[in-house]
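Scroll down for the structure; my scribbles are underneath it.
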Ligand code: ATP
Ligand code: MG
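Printed below as a string of structure tokens:
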């Protein structure tokens, strides 16, 4: 994958959201890729998976840092496939995936970060959020009736509630960062046109029917409102310590390359190392070694 100064994922990384405009990133882009086609991507992807597995092994052994990868996207943008691919080489013991669907009655009885907080990765682990607390500034914003269901005291639900949520989330992620939970966020940016193509494929191919739900078409009708909500969300929550990656998602192979590169880049930045053994332990090991040989 690309060298340090010109890493592929850096082209799509947003570390300061000020003035961020979604239309500066083309969902169909495959620019800056070290290779130019799907075929060559297979080898690069396999290489990336291998490097990730080696880094994850150290992350787990060192048991200090945790990595939280947040995935947000419109339907059919490829979240599930990307998660499956990116994690394909990783030891399942060191990885946990949490999917956030519509909140339950118990979830709704709490503050909105409550359920996410229970799913955070332990030290040494990679946690994946398939959707997340960010839905609280997306689907809940596009559908005000969902906010009403949260039964928050009326005087706390003003027009500035979204600004409050952006601030809460920034602070929450700062807090996580200071506790050794490294947060990286991915918006898989698919075009409306490509979503249509993928929906049609799901409808026309019996083996893909199960992936389609009538709700998907209903959400598609709110496309512009979603894009506006995503733009504001990224603009207000992209920070140096918890950046967003806006990943072009019309070409799945390219999406996966960018995400894998971002994960590798992040893990490399932690200077992970296997724990070293103390002199006392080293003596114990030598003694055990001697005993076994003498048996
Ligand atoms: P798939 O890609 O397999 O369809 P999915 O993530 O879309 O997976 P679904 O069961 O289709 O899963 O949908 C989950 C739904 O839950 C989404 O429409 C999402 O917007 C909604 N959801 C997630 N979090 C919240 C939330 N906090 N409040 C309300 N709705 C939410
Ligand atoms: Mg869905």
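In the numbering used here, the protein residues as written are 3 to 297.
Note that CB positions come from ideal geometry on N, CA and C, so glycine has one too.
Values in this document were obtained by computation on a predicted structure and should not be read as measured data.
Any non-hydrogen atom of the ligand ATP within 8 Å of residue i CB
{"i": "residue 183", "result": "no"}
{"i": "residue 135", "result": "yes"}
{"i": "residue 88", "result": "no"}
{"i": "residue 101", "result": "yes"}
{"i": "residue 231", "result": "no"}
{"i": "residue 209", "result": "no"}
{"i": "residue 147", "result": "no"}
{"i": "residue 104", "result": "yes"}
{"i": "residue 217", "result": "yes"}
{"i": "residue 82", "result": "yes"}
{"i": "residue 114", "result": "yes"}
{"i": "residue 221", "result": "yes"}
{"i": "residue 203", "result": "no"}
Neighbourhood of residue i by C-beta, 6 Å cutoff - its chain only, sequence neighbours within 5 removed
{"i": "residue 100", "result": "121, 131"}
{"i": "residue 55", "result": "91, 92"}
{"i": "residue 13", "result": "34"}
{"i": "residue 5", "result": "Caution is warranted here: a pLDDT of 48 is assigned to residue 5, below 50, making its placement in the model unreliable, and the coordinate value is therefore given only provisionally. Closer than 6 Å at the Cβ level, and outside the excluded window around residue 5, lies no residue."}
{"i": "residue 102", "result": "133, 134"}
Residue i - partner residues in DSSP beta bridges
{"i": "residue 97", "result": "128"}
{"i": "residue 185", "result": "70"}
{"i": "residue 246", "result": "16, 187"}
{"i": "residue 75", "result": "190"}
Whole-Å CB distance - residue i paired with residue j, under 8 Å assumed
{"i": "residue 167", "j": "residue 138", "result": "6 Å"}
{"i": "residue 252", "j": "residue 96", "result": "So it is not a contact: roughly 31 Å between Cβ atoms."}
{"i": "residue 187", "j": "residue 247", "result": "7 Å"}
{"i": "residue 79", "j": "residue 190", "result": "4 Å"}
{"i": "residue 32", "j": "residue 256", "result": "5 Å"}
Of the listed residues the options, nearest to residue i (C-alpha basis)
{"i": "residue 259", "options": "193, 208, 49, 17", "result": "49"}
{"i": "residue 217", "options": "30, 64, 104", "result": "104"}
{"i": "residue 143", "options": "205, 235, 47, 119", "result": "235"}
{"i": "residue 219", "options": "44, 71, 76", "result": "76"}
{"i": "residue 274", "options": "280, 266, 281", "result": "266"}
{"i": "residue 15", "options": "241, 53, 112", "result": "241"}
{"i": "residue 107", "options": "151, 71, 136", "result": "151"}
{"i": "residue 72", "options": "117, 39, 136, 23", "result": "136"}
Cutoff 8 Å; reference residue i; Cβ partners in own chain excluding five residues on either side
{"i": "residue 125", "result": "65, 66, 67, 68, 182"}
{"i": "residue 270", "result": "57"}
{"i": "residue 287", "result": "279"}
{"i": "residue 10", "result": "3, 4, 34, 35, 36, 259, 260, 263"}
{"i": "residue 165", "result": "238"}
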